[in-house]
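So the structure is just underneath, and the comments pick up after that.
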Amino acid sequence: MAIRVCLAGATGWAGSALARGIGRTEDIELVAAVSRRQAGRRLGEVLGGGAGDGGGAGGAGAGDGGPRDARGLDVPVFGQVGEALAVGCDVYFDYTKPEVAKANCLAALGRGVSVIIGTSGLTEGDFREIATAAASAGRAVLAVGNFALTVVLLQKFAEIAARYIPQWEIIDYASATKPDAPSGTTRELASRLSACGPSKLGIPLEKTQGLIEARGASLEGSQIHSIRLPGYSISAEVIFGMPDQRLSIRHDAGSGAEPYVEGALLAIRKVGALAGLHRGLDAVMDLG
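Residue numbering for the sequence shown follows this note's numbering, beginning at 11 and increasing consecutively.
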């Protein structure tokens, strides 16, 4: 039986690529989509993949999925998450905005549905509340700041480095129009590094001469510097320093959303086997 998915943010940059990706699978079925601006339409019409053209001209994977791709997009678009969840699903996938994502996820958990969060910008307080709700519902929540395989490797390599190098800082790059800072990718990275303890500062922040803001934001023991400029997509870099030596580990994303699709499909396939809140795609990967 196919895994039934409700996808919020299905007409967005990442959501539309995922919707087309689901349409190319045999074991996952998209049953409902959420987009306030496109409510009342069929998703295939919105994405240009009506019921006979293979899933959308010009989109990720357009034309290569045949009739199955088109069927995957022939689902209703709802304006509210509650309406979409009423259709019935196994997994709720959130690609929306941080100001609504928590409420969406809590609503899905309230219906006994497993949740995947692809939305960035949620706070640690948000995640604590979501974790409590997941435990109460007996369901899983998988929060992933970035579904790209290179990001998973960045996080793993950084965790290894932090065991041996006690000083690091994180640089968070994104486009000028990205509203949240730091990004979900770097928030997740800081959370993982915190398990190794806080980065040791050569000079305590309170003893900084000049503007303390120039030292970046402190998050879970890491200093993070967010750059928002045209020309960037999403990049994350963690720099480790030791006397007379330096290690830099960096991920750079391209302009398309296709690199995130396979990771998102893997999360959908695996989230049902989890329980409680999990952070990062490696929660469903065998990385040793």
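Glycine residues also receive a C-beta, built at the ideal position from the N, C-alpha and C atoms.
Just so you know, these numbers come straight off a predicted model, no measurement behind them.
Contact between the segment 136-143 and the segment 234-247 is not established, with fewer than three Cβ pairs separated by less than 8 Å.
Cα atoms of Val125 and Gln255: separation of roughly 42 Å, rounded to the nearest angstrom.
Assignment of Pro108 by DSSP, reduced to helix, strand and coil, places it in the helix class. In this structure, the CA atom of Ala171 is about 9 Å from the CA atom of Leu257. Secondary structure of Ser185 (DSSP, three-state): coil. For secondary structure counted as the beta strand (DSSP E) over 3 or more consecutive residues, the segment 145-212 holds these complete runs in sequence order: 150-153 and 178-184.
Along the length of the segment 226-255, whole beta strand (DSSP E) runs at least 3 residues long occupy 227-229, 232-238 and 244-252, reported in chain order. When DSSP states are grouped into helix, strand and coil, Ser26 belongs to the helix group.
When the Cα atoms are used, Ser201 and Ser245 turn out to be separated by approximately 17 Å. Pairing Lys112 with Ser232, the inter-Cα distance amounts to about 24 Å. The three-state reading of DSSP puts Gly286 in strand, counting E and B together. Within the model, the alpha-carbon separation for Ile234 versus Ser204 is close to 13 Å. A distance of 8 Å or more separates the beta carbons of Val281 and Gly31.
With a threshold of 16 other beta carbon atoms within 10 Å, Asp182 meets it and is buried. In this structure, Ala24 sits away from Val91, with a CB-CB distance that is not shorter than 8 Å.
A Cβ-Cβ separation of about 13 Å leaves Ala27 out of contact with Ala43 under the 8 Å criterion. Per DSSP, Arg51 lies in no beta strand (DSSP E) segment and is marked neither H nor E.
The alpha carbon of Asp100 has as its nearest neighbour, out of Thr187, Ala12, Leu152 and Phe167, the alpha carbon of Ala12. The residues Val125, Ile140, Ala144 and Leu287, in chain order, have a CB closer than 6 Å to that of Val151 in the same chain once the five nearest residues on each side in sequence are set aside. Distance from the Cα of Asp37 is smallest, within the candidate group Arg279, Ala263, Ala283 and Leu116, for Arg279. Counting C-beta atoms within 10 angstroms of its own C-beta, Ser193 has 16 or more neighbours from the protein chains shown and is therefore classed as buried.
Residues Ser243 and Ile244 of the same chain have their beta carbon placed closer than 6 Å to that of Ala263, with the five preceding and five following residues left out of the count. Less than 8 Å separates the beta-carbon of Ala147 from that of Gly120. With distances taken between CA atoms, Gly290 lies nearest to Val154 out of Leu83, Val154 and Glu223. Distance check between Gln48 and each of Lys107, Phe88 and Arg14 places Phe88 closest, using alpha-carbon atoms only. In the structure shown, Cys16 falls within a strand segment according to DSSP collapsed to helix, strand and coil. By the beta-carbon neighbour count (other beta carbons within 10 angstroms, threshold 16), Phe250 is buried. Of the candidates Cys16, Thr142 and Lys210, Lys210 places its Cα closest to the Cα of Ser228. Bounds of the alpha helix (DSSP H) holding Ala277 are Val271 to Lys280. Here the alpha carbons of Pro269 and Val161 stand approximately 11 Å from one another.
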